[in-house]
Structures are given as C-alpha cells and as structure tokens.
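Colleague: Here's a structure for you.
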Amino acid sequence: MAFQTLPEKFKELTDLKEKKKLGGGKEAIDKQHAGGKLTARERIEKLLDPGSFVEIDEFVVHRCFDFGMEKRKVFGDGVVTGYGTINGRTVFVYAQDFTFIGGSLGEMQEKKITKVQDMALKAGCPIIALNDSGGARIQEGVNSLAGGGDIFFRNVMSSGVIPQITAIMGPCAGIAVYSPALADFIFMVKKTSYMFITGPKVVKAAIGEDVTFEQLGGAEAHAKFSGNIHLACENDEDCLKQIKTLLSYLPSNNMDDAPIIECGDPPDRMDEALNEVVPADPKKPYDVHDVINYVFDKGSFFELQPMYAPNAVIGFARLNGRSVGVIADQPMVYAGCLDIDSSDKIARFIRTCDAFNIPLITFVDVPGYLPGTKQEHGGVIRHGAKVIYAYCEATVPKLTVIMRKSYGGGYIAMCSRHLGADVVFAWPTAEIAVMGPEGAVEIIHRNELMKAKSPEEVKEITNRLAAEYRNKFANPYIAANMGYVDTVILPNETRPMLIKTLEALSTKRDLQVRPPKRHGNIPL
Amino acid sequence: MAKTSKFQLSLGNVHYSVDITERAYGLYDVKVNDELFKINIADLLSPSLQAAGTAGGAGGASGAPAAGNLCAAMPGTVMTVKCKPGDEVKPGDVLLTLETMKMENPIKSNRAGKVKEIKVSPGKFVNVGETLIVFE
Chain Z
58 MAFQTLPEKF KELTDLKEKK KLGGGKEAID KQHAGGKLTA RERIEKLLDP
108 GSFVEIDEFV VHRCFDFGME KRKVFGDGVV TGYGTINGRT VFVYAQDFTF
158 IGGSLGEMQE KKITKVQDMA LKAGCPIIAL NDSGGARIQE GVNSLAGGGD
208 IFFRNVMSSG VIPQITAIMG PCAGIAVYSP ALADFIFMVK KTSYMFITGP
258 KVVKAAIGED VTFEQLGGAE AHAKFSGNIH LACENDEDCL KQIKTLLSYL
308 PSNNMDDAPI IECGDPPDRM DEALNEVVPA DPKKPYDVHD VINYVFDKGS
358 FFELQPMYAP NAVIGFARLN GRSVGVIADQ PMVYAGCLDI DSSDKIARFI
408 RTCDAFNIPL ITFVDVPGYL PGTKQEHGGV IRHGAKVIYA YCEATVPKLT
458 VIMRKSYGGG YIAMCSRHLG ADVVFAWPTA EIAVMGPEGA VEIIHRNELM
508 KAKSPEEVKE ITNRLAAEYR NKFANPYIAA NMGYVDTVIL PNETRPMLIK
558 TLEALSTKRD LQVRPPKRHG NIPL
Chain D
1268 MAKTSKFQLS LGNVHYSVDI TERAYGLYDV KVNDELFKIN IADLLSPSLQ
1318 AAGTAGGAGG ASGAPAAGNL CAAMPGTVMT VKCKPGDEVK PGDVLLTLET
1368 MKMENPIKSN RAGKVKEIKV SPGKFVNVGE TLIVFE
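Going down the list, the sequences are from chains Z and D. Once you know that position 182 of the first sequence is 239 in the working numbering, the rest is easy, because the numbers rise by one and skip nothing. Once you know that position 115 of the second sequence is 1382 in the working numbering, the rest is easy, because the numbers rise by one and skip nothing.
Listed below in structure tokens is the structure:
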C-alpha cells in the first residue's frame, strides 16, 4: 500500500486552501463585484491590519441531505471566521459570504459564528460581524433557527462585556436582523443593503402596502426613521473605515479603558469664538455642533445617528486624548426638546458609554419635553424616563455643561446634580428654572392678568413680569447658590475645565450605596 | 445568473426594443435600441425618500428638497416672511422664520432658484411636511 508522500500531502492542503478562497464560485464573485460589493474575504482584508488575519473553521461544510443540498457543499459554509488586529489591537471577526447560497444561516455556519463569539468573549476582545445574508437556510429547517437562537444568546451574554459591532453589507432579513439589533453598534452600507423582518412581497400580501426594498429597509430608512442603525455609509470601503474609527474610541472590554490617543490639540486652548456661539436671546437657535467642535480635541467628534432624532446630538470625542461620550441638545431642531426618539437615542448611548468605561459629557439647552398628543400617546413618559434611568444608573464620570435653557423635567433629566452628575458647569447664559418666564408668569400672576382690560394690557403686564422673572430666576446663580451648579464659567473656559475635571475624576469610584439586585427594571 | 426581460414598446410611430437586466439589487442595465443605460433604483427613489423625511420624525432644521417645494420640517407658527414671488435665492438664504417651542428658527433655502409662490403668511400655524414655498 502506497502512502501519500509529504509533498503530496502538503500540495493537497495548498489546493484545498486555494479552493476555499473561491467561496460560491467565480461567477458568484463576479456578480458580487458587479453589485458594488466586496466579497467576505476582501472585506476582512480591508478591515484588519495587513497579514494579521487568522482564519479558522475554513474546512467546515454543512450536513444537510434534503432538497439536493448534499450536492451543494462549499468549504466554510458561507461564512469566513477568525481573528486579527486593527491598529494592533485584537478583534474577532466573521463575514458572511453571499456567494454561497446567499450567505444563508445554516446549522454549521451558525456553529462557526458561535465559536468565534465564544472566543471573543473569552479573550475579552471586540467582535465585528459583517452581515451579507438572505436569512435562515430554509433547506435546513429548524436547525437553522436553533443556530440563530444560539447566536442571539451569545450576543446577550457578550452585551456590556465586549464591544459588538455589526455592519449590514447586503441583505439582512428575517431572523438575521436580530443579531445586529442586539449588538452595540450597527453600520449600514447605502444602496446595496437592506434590513427588515419581512420584505416588500410579504408586506404587500399581508397588509396591501406597496413599498420598495429601499423605502422599507434601506440605509436611509433606518438612519432617519427607525433609528436602528448608527451610521449609513457610502460603500463597503467607507463602512470598514468607519468601523476602525469607531474602535479607536472603545476599550477592548468592560474591564479595560479606551486607548488614549494624543492629537496635539493643547489642553488649555480657549477659543474666543466659542463665547459668541450661544446668542443672549433665548429665542435664537444655534448649531450645537459649533460648541462641540470648539471644546473637544480637533476633529475628534465622531457623531452617531446624525439623521435620527436630530434634536439631540450624540457621539464619541476626545478630551486631551481621552475618549468621552458626548450628549448635547440641539436648539436648531425642535428648540432642543426631548422627545420619544431623542430620549431613546440618548438613553441607549449613555448605557453604551457606561458599560465601556467611557465618561459622559452632557451639554444642556433644553426647554423640556415636547408636548402634543403624538408624543403623549406614543409614550413620551415611558421613553423620557429612560434618560433619567440611564443617567442615574451610570457610574462613569459624568460632567454637565448647562449652556442656556434648562427647564423643568429637562433640567433634571439632562444629567443634573440630582441624577449623579459629578461636576455641573453653567455658562452665564444659563437659565435654570421650573419653566420659561412667559409660562411661569401666566401661572404665578394669573389673578393679576385676569384683571387686565385689553389684550394689549395682558401683553404689557406679561412682558413686564416676564422680564422681572427672567432677571430674578432665569440665570445660573440661583442653582449655583444651592450648589446644584458647581461653578459658572465662560464658554471658552469649558475645554480646559473639562480636561482638568476629567483628569481629577479619572480615579473615580462610585461611593453611592447601590443595593444588590438581580437587575434593574429600566422602562423599555 | 442575471435575468434579462425583453420589451417592445411603441409610442405612436416610434418603436423601441428594450432589454432590462438586473445586475444586482437596485442596479439595472437598460438597453434601448442598442444604447445602454445603467440605472440605479436607489438614485431614483432618493428624492421621494427625502420628501418622506420631512413628513416624519423630528426632521432637519430646514425643509427637504421635495420636487419644487420647501416644506416645514417642524410644526410651528410663521413669524416673518423674508422673500417674495420672483426673488432669486441661493442655498442658505433665510426665506422665513418659524417659531417652534418659543424658538425663532430661520428657515433656509435648500436650493438656488426663483420663488414662485409663498403658501404661508405671518401668524399661520403649519404642520410638519406642509408646503411653505413653491419654487419655479
């Protein structure tokens, strides 16, 4: 009996490795390229540091014998899994391979994914999922569903321990949407990708609605309306680049700190121009991005969900190289009111930052919660409560800057001293009160206003009393008298003040006695 | 494999033979009498998607570019109108101010063009998505 020689054995391996690279075949790869998409392997190559990728489970094949599947087998079973580095830091990664049965989630593909999820959790390193899959592999029946559930379970076990980042880079439908939804961040590529529970055909059959793929679940739809995604990216390359940028703000796990990235921007930089951003007239809007750009390290602001609930602005930035989470009211949109969507956006971001040891910096200019039946019937009370819950729960350093309006429930909710802010700064333009002057006058001086004989007189009295109220109450000093505001500073002192304070709090231990519990019960 | 659908169209006396091939989701090759056009459905849709953007959610600070109109991105009361029919405007020009939640929001033009009609006057309450200004 003849043995294979060593060269023959080695050649067999090389041949197999060459074969696996083809995935679903050359024709399918060409189609992927024609659609403006990269293949799974190309995506991983572009994402990771050159030469760092170690692929595992490349010889895995499915074991389905129904519907002629025994004839359709490809090494890897429609997903590429492994690990490598991004800017020298280890990450685990899996990329679905649309060229093989549409990247569908079969039993063995799911076993590969759960293996790499387990490895990432054990190693305490981020996991990045590049999704491009038609959904469950129908030929494999309930085994396909079982594996899906196994993936979700690991998503939940990893939640708050390692960063889970998902990119939607093709179709993502049915059960496939829930793993991304359970992740910390979802990025999505415009035009080539869509995400929904049921597609347009089922929508038409079920409720008679005519809608296209793009309208129903395209990147724009999710970026603007559903808030399911954090960024809509131009193409595959852009998406992979954004993931790398995002990672630079995150620690590898919840026991770790985010990397400090020096940028050369002086910590004591004070821009005169920042003093001019907030108008003295509280009726005049301004773009809070201007404030953010002056305060944080130059070019470091990485905004998330920019198109969803734009009345609140969230994102990561750096202060003297340290990663922070920024939450700001946007007076340009709905006067910066909190509403259902912005509350959800803010609360989720607070919890993301808190889970990963990223301090919170909150900029306040909020007249309150948005009124109206749409808001009340939509549950603004429940959603608004999430902001309060999340701020109270967060134990990372919490710094607050009250720029202008800070009224009523909005004052309390936006990281006030009472919810556990470590240091609260206010600008001279701050107006901290139960409500705005006009509204307060209407209530406090109702009797006096009833006596007025003409609308002109009502207006005259209101204006006079509102001015009195404004001078007396609509300022930062009453709150500072009580110590609710720690200090009142000029806007352009904000950068050095935040940097010094963050430095002082870098050793923060939460001394609040928090009773033991199974878990809290955030109003979801 | 890409699937090609073939059509024969007649408009009056002009006849077209049209082959439509779907290369990938949303990307089509359309061949009309041997002349090839590459069509991206997402491109065609985006104006209507953006228009929908003004109708729901908090929306942006200024109206989205719905065909020919500037629409309200927020509900509010019109305070001042700063343009008149026939005015040539540039993107960023303030066309009116809208008071929402006691904030006087300057509503800026989203395009260069000529104002055809102003649909609102000071004191009028407008809802999200309502047309403010019609361009020529």
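Every residue gets a Cβ at the ideal spot worked out from N, C-alpha and C, and that includes glycine.
(1) Evaluate the contact criterion for the region 533–547 of chain Z versus the region 501–514 of chain Z: three or more CB pairs, one atom per stretch, below 8 Å.
(2) Flag this pair as yes or no: are the beta carbons of Val148 (chain Z) and Ile185 (chain Z) separated by less than 9 Å?
(3) Please classify Arg521 (chain Z) as buried or exposed, where buried requires at least 16 neighbouring CB atoms within 10 angstroms.
(4) Rounded to the nearest angstrom, what separates Cys121 (chain Z) and Pro572 (chain Z) at their Cα positions?
(5) Helix, strand or coil: which one does DSSP assign to Thr409 (chain Z)?
(6) Going along chain D, which residues have a C-beta under 7 Å from Gly493 (chain Z)?
(7) Does Lys94 (chain Z) pass the burial test, meaning 16 or more other C-beta atoms within 10 Å, or should it be called exposed?
(8) State the Cα-Cα distance for the pair Lys1270 (chain D) and Asp1296 (chain D), rounded to the nearest angstrom.
(9) Below 7 Å on C-beta distance, what does Asn1300 (chain D) contact in chain Z?
(10) Look at the alpha carbon of Gln1317 (chain D) and the alpha carbon of Gln272 (chain Z), and state the distance between them as a whole number of angstroms.
(11) If we ignore side chains and look at the alpha-carbon of each, how far apart do Ile336 (chain Z) and Tyr464 (chain Z) end up?
(12) For Ala1339 (chain D), would you say it is in contact with chain Z, using Cβ-to-Cβ distances shorter than 9 Å as the test?
(13) With 9 Å as the limit, tell me which residues of the region 1370–1390 of chain D have their beta carbon closer than that to any beta carbon of chain Z; keep them in chain order.
(14) Assign Leu1365 (chain D) to one of two classes, buried (16 or more other C-beta atoms within 10 Å of its C-beta) or exposed (fewer than that).
(15) Taking C-alpha atoms, which residue in Z:Ala442, Z:Ile438 and Z:Phe482 lies nearest to Lys455 (chain Z)?
(16) Helix, strand or coil for Pro1373 (chain D)? Go by DSSP, reduced to three states.
(17) Using a Cβ cut-off of 9 Å (strictly closer), state whether Glu1397 (chain D) contacts chain Z.
(18) Please confirm whether Glu1403 (chain D) has its beta-carbon closer than 9 Å to some beta-carbon of chain Z.
(19) When the Cα atoms are used, what is the spatial distance from Ile243 (chain Z) to Pro237 (chain Z)?
(20) Skipping 5 residues on each side, what residues in its chain have a beta carbon closer than 7 Å to that of Met327 (chain Z)?
(21) Determine whether the Cβ of Ala392 (chain Z) lies closer than 9 Å to any Cβ atom of chain D.
(22) For my contact list, Val234 (chain Z) and Met214 (chain Z) are in at a C-beta cut-off of 8 Å; report their separation, rounded to the angstrom.
(23) Go through its chain and collect everything with a Cβ distance to Asn289 (chain Z)'s Cβ below 7 Å, but skip five positions before and after it.
(24) Starting from Lys341 (chain Z), find everything on chain D with Cβ-Cβ shorter than 7 Å and list it in chain order.
(25) Per DSSP, which one or two residues make a beta bridge with Gln153 (chain Z)?
(26) Which residue comes first and which comes last in the beta strand (DSSP E) that contains Gln221 (chain Z)?
(27) Comparing C-alpha positions only, which one of Z:Ile384, Z:Leu476 and Z:Met176 sits nearest to Val111 (chain Z)?
(28) Where Pro257 (chain Z) and Gly159 (chain Z) are concerned, what is the direct C-alpha to C-alpha distance, given to the nearest angstrom?
(29) Taking the alpha carbon of Tyr448 (chain Z) as the reference point, which residue from Z:Val423, Z:Leu417 and Z:Glu433 has its own alpha carbon closest?
(30) Spatial neighbours of Glu1397 (chain D) within its chain, please: C-beta separation below 6 Å, excluding the five flanking residues on both sides.
(31) Does Leu1278 (chain D) come within less than 9 Å of chain Z when only Cβ atoms are used?
(32) Quick one: what's Asp1296 (chain D) bridged to in DSSP?
(33) So, with DSSP's three-state summary, where would you put His434 (chain Z)?
(34) Arg211 (chain Z): buried (16+ other C-beta within 10 angstroms of its C-beta) or exposed?
(35) Roughly how many angstroms lie between the CA atoms of Gly139 (chain Z) and Gly133 (chain Z), to the nearest whole one?
(36) So, is Asp123 (chain Z) buried or exposed, given that buried needs 16 or more other C-beta atoms within 10 angstroms?
Modeller: Put simply:
(1) With a cut-off of 8 Å, the region 501–514 of chain Z and the region 533–547 of chain Z do not count as touching, because too few Cβ pairs lie within range.
(2) Going by C-beta atoms, Val148 (chain Z) is nearer than 9 Å to Ile185 (chain Z).
(3) So Arg521 (chain Z) counts as exposed.
(4) Between Cys121 (chain Z) and Pro572 (chain Z), the C-alpha separation is close to 51 Å.
(5) Thr409 (chain Z) sits in a helix when the DSSP states are folded into three classes.
(6) The contacting residues are Lys1369.
(7) Counting Cβ neighbours within 10 Å, Lys94 (chain Z) comes out buried, since at least 16 surround it.
(8) For the pair Lys1270 (chain D) and Asp1296 (chain D), the Cα-to-Cα distance works out to about 11 Å.
(9) By Cβ distance, chain Z contributes nothing, its closest Cβ being about 23 Å from Asn1300 (chain D), past 7 Å.
(10) With a pLDDT of only 34 at Gln1317 (chain D), under 50, the local geometry of the prediction cannot be trusted, and the value read off the model is given with reservation. Separation of Gln1317 (chain D) and Gln272 (chain Z) (C-alpha to C-alpha, rounded to the nearest whole angstrom) is 10 Å.
(11) As written in the sequence, residue 336 (chain Z) is Pro, which differs from the Ile given in the question. Approximately 17 Å between the Cα atoms of the pair.
(12) Answer no: the Cβ-Cβ gap between Ala1339 (chain D) and chain Z never drops below 9 Å.
(13) Residues passing the 9 Å Cβ filter: Met1370, Glu1371, Asn1372 and Pro1373.
(14) Buried, since its Cβ has 16 or more Cβ neighbours within 10 Å.
(15) It is Z:Phe482 whose Cα lies nearest to the Cα of Lys455 (chain Z).
(16) Three-state DSSP puts Pro1373 (chain D) in a strand.
(17) No, Glu1397 (chain D) does not count as interfacial toward chain Z.
(18) Answer no: the Cβ-Cβ gap between Glu1403 (chain D) and chain Z never drops below 9 Å.
(19) Between Ile243 (chain Z) and Pro237 (chain Z), the alpha-carbon positions lie close to 6 Å from each other.
(20) Counting only Cβ-Cβ distances below 7 Å, and skipping sequence neighbours, we find Asn549, Glu550, Arg552 and Pro553.
(21) At least one chain D Cβ lies under 9 Å of Ala392 (chain Z).
(22) Actually they are not in contact, since the Cβ atoms of Val234 (chain Z) and Met214 (chain Z) sit about 19 Å apart, beyond 8 Å.
(23) For the record, residue 289 (chain Z) in the displayed sequence is Ala; it is not Asn. So the qualifying residues of the chain are Met245, Lys247, Ala276, Glu277 and Ala280.
(24) Within chain D, the residues near Lys341 (chain Z) are Glu1371.
(25) Beta-bridge partners of Gln153 (chain Z) (DSSP): Z:Val136.
(26) Gln221 to Ala230 is the extent of the beta strand (DSSP E) around Gln221 (chain Z).
(27) Checking every option, the nearest Cα to that of Val111 (chain Z) belongs to Z:Met176.
(28) Answer to the nearest angstrom: the Cα atoms are 18 Å apart.
(29) It is Z:Leu417 whose Cα lies nearest to the Cα of Tyr448 (chain Z).
(30) Only Ala1339 meet the Cβ criterion.
(31) Taking Cβ atoms only, chain Z never reaches closer than 9 Å to Leu1278 (chain D), which makes this a no.
(32) Among the bridge pairs identified by DSSP, Asp1296 (chain D) is matched with D:Thr1288 and D:Lys1305.
(33) His434 (chain Z): helix per DSSP, three-state reduction.
(34) With 16 or more other CB atoms across the displayed protein chains lying within 10 angstroms of its CB, Arg211 (chain Z) is buried.
(35) Using only the alpha carbons, I get a separation of about 11 Å.
(36) So Asp123 (chain Z) counts as exposed.
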